[in-house]
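Heads up: the structure comes next, in structure tokens.
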Amino acid sequence: MPEARAEAAATPAQSGDREQSDSREKSGAGTKDNSGRKAATTDTGSGPAADTGAGSGTGTGAAGAGGAAGRPRRRQARGEARVAQLLEAAADVFSASGYNGASTNAIAREAGVSPGTLYQFFPNKEAIAIELGEQLLHRWRETYGAAFVVSHIELPLDRLLNTVLDPLIAFNCENPAFAVLTHGSEIPGVITREHDALHAAMLTRTEQLLGAYLPELPADQVARTAEMSFVLFKAGLDLIMSHEGAERVAYTDELKAVMYRYLEPLVCDTPEGATAKGIDTP
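With positions in the sequence shown counted from 1, the corresponding number in our numbering is that position plus 33.
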């Protein structure tokens with residue numbers, strides 16, 4: 034690798050000076066990469082060291098006399114960039130081949146690195162899937178959290194649907210690996226458990242939003258309407274994801290039309306004296 038040749042060309046004195054300086058700055062503090070894993074100097078021996086340069090998980094090869102003081106920051110940054118590169122490649126491979134069809138060799142090839150480099154960061158395909166799945170689940174929580182905001186109940190129904198559905202659909206279209214890693218019996222259990230919890234939380238948020246939007250509706254009817262709306266969205270999303278280009282746009286419009294026609298009678302059929310929600314018509 035170019036980085037390895039560049040480091041080998043440095044004089045021992047220069048390398049030692051840089052490493053000792055960085056070790057003093059860190060003063061033994063444990064560091065983490067963007068996925069929350071401990072840096073290679075705190076490796077417990079359960080897996081390959083992450084970008085140590087010397088292939089040692091003890092810290093003596095990477096940080097010289099600094100030992101457990103930590104890797105130089107320049108190597109940390111390179112390690113974080115490598116992890117991001119591998120996860121991006123994994124997302125492409127999982128999307129194209131599915132979880133079962135994917136392999137560490139295919140992921141390494143997609144990332145443009147050797148399998149040995151991949152194993153410095155991830156011991157197997159399952160570890161890659163878990164980390165990628167956790168990142169995608171975190172971003173999905175942020176996406177639906179911003180979509181299901183109670184202040185949106187002031188919007189007319191068609192605009193409410195656009196405001197809620199558009200970011201959810203966009204996320205799934207931009208991250209096709211999310212659907213791969215959250216469905217199927219072969220997916221690592223930790224991902225499916227987190228997805229199930231997220232599914233339940235989304236259904237609750239849907240019920241809360243509809244309850245606020247349709248305050249005159251009995252609680253049991255709100256619950257049924259929320260669950261039916263949620264199922265309609267998931268079914269429509271599958272169709273949207275299976276098409277591209279103009280057809281994807283057309284199926285997105287179809288999903289919104291179905292949900293609009295399902296909810297519109299509830300919005301207009303309010304008890305006497307209650308104010309119906311406004312509905313913008315094209």
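Where is the CB? At the ideal position from N, CA and C, for every residue including glycine.
{"Check": "Any idea if GLU164 is buried or exposed, counting beta-carbon neighbours within 10 angstroms, 16 or more meaning buried?", "Outcome": "buried"}
{"Check": "Under the three-state reduction of DSSP, which class applies to THR215: helix, strand or coil?", "Outcome": "coil"}
{"Check": "State the start and end residues of the unbroken alpha helix (DSSP H) segment that holds SER262.", "Outcome": "252-274"}
{"Check": "Taking contact to mean 3 or more Cβ pairs, one atom from each stretch, closer than 8 Å, check whether the segment 186-194 and the segment 141-161 are in contact.", "Outcome": "no"}
{"Check": "On a Cα-Cα basis, can you pick out the residue from ARG172, GLU121, VAL255 that is closest to GLU143?", "Outcome": "GLU121"}
{"Check": "So, for ALA259: in the same chain, excluding its five sequence neighbours on each side, which residues have a beta-carbon less than 6 Å away from its beta-carbon?", "Outcome": "THR239, GLU240, LEU243"}
{"Check": "Can you round the beta-carbon distance between ALA210 and LEU169 to whole angstroms, since I take them to be within the 8 Å contact cut?", "Outcome": "7 Å"}
{"Check": "Hey, could you find the ends of the alpha helix (DSSP H) LEU151 is sitting in?", "Outcome": "148-152"}
{"Check": "How should LYS158 be labelled, buried or exposed, when 16 other C-beta atoms within 10 angstroms of its C-beta is the threshold for buried?", "Outcome": "buried"}
{"Check": "Taking Cβ positions, are LEU119 and ILE161 nearer each other than 8 Å?", "Outcome": "yes"}
{"Check": "Take VAL197 and list the residues in its own chain whose beta-carbon comes closer than 8 Å to its own, dropping the five residues that flank it on each side.", "Outcome": "ALA180, PHE181, HIS185, LEU242"}
{"Check": "Assign ALA123 to buried or exposed, taking buried as 16 or more other Cβ atoms, counted over all protein chains shown, within 10 Å of its Cβ.", "Outcome": "buried"}
{"Check": "Name the two residues that bound the continuous alpha helix (DSSP H) containing ILE186.", "Outcome": "Premise fails: ILE186 is in no alpha helix (DSSP H) and is neither H nor E."}
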